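See structure below.
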Amino acid sequence: MKKLIYTMLGLFLITSCAAPPCECENSANGFVLPGQSVNMGSEAAVDVFKKIDAAWMVRDYETMKAHIADEGNYRFEDGTVVTNGESFVAKVEELYQKDLADGVEWEWNTDYAFSVYPSKTEDDNWNEKGQWVNAQFTGSDGSLVIEWYQIDGDQLISWVQTKSEAAKE
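Each residue of the sequence shown is one higher than the last, beginning at -7 in my numbering.
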């Protein structure tokens, strides 16, 4: 009798675990350009962001340049626009030297990062290439920085930075 009960229990467990996965609704929401909604992206895009962020922290410009595409569009919070890895890291070094001169420590906390992508359209819009990583940082001076990284494969192809000064007490 015990063998029969154990056999039935085993069969029950096997069949219940073998059920096909459920069909989920499209999890897209929000909007970007007309006809586009926002979808959650992949961890792979966030991993590329993490490589860039880690290299930036220690000013490893060769690693940064390896992940920054030529003919990109990179906008710093002060309005500076650069188009390639060489000019990007030159601007980062300029900012680093300014922070040193102003007595600001070169460090930040990465508060969050996530990846999204817009749904495809028939128009093949510019924003449909790769995925977008949104990241927020808190600077050692208390400033808040928000950045959008458009990442295609392992290359940064577009980037926008905004910054707010530290809250005054």
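We treat Cβ as the ideally placed atom computed from N, Cα and C, and that holds for glycine.
Remember, predicted model here, so these are calculated numbers, not experimental data.
Using only CA atoms, which one of the options lies nearest to residue i?
i      : options                           : result
TRP151 : LYS160, TYR141, GLY145 and GLU157 : TYR141
ALA127 : VAL137, LYS121 and TRP118         : VAL137
VAL50  : GLU114, SER29 and TYR88           : TYR88
GLU23  : GLU157, SER111 and ALA159         : Per the sequence shown, the amino acid found at residue 23 is Phe instead of Glu. With distances taken between Cα atoms, PHE23 lies closest to SER111.
Taking DSSP as the reference, what is the three-state secondary structure of residue i?
i       : result
LEU(-4) : For LEU(-4), the pLDDT reaches just 49, beneath the cut-off of 50, and the residue's location in the model is therefore unreliable, although a value from the coordinates is still provided. In the structure shown, LEU(-4) sits in a helix (DSSP, three-state: H, G or I).
ASP116  : coil
SER79   : helix
State the Cα-Cα distance for the pair residue i and residue j, rounded to the nearest angstrom.
i      : j      : result
ALA105 : LYS42  : 9 Å
GLN153 : PHE129 : 11 Å
GLY77  : HIS59  : 8 Å
GLU54  : TRP118 : 27 Å
ASP116 : ASP94  : 45 Å
SER135 : VAL81  : 21 Å
TRP98  : GLY131 : 8 Å
Which residues does DSSP pair with residue i in a beta bridge?
i      : result
SER107 : VAL125
ASP144 : GLN147
LEU136 : THR130 and SER156
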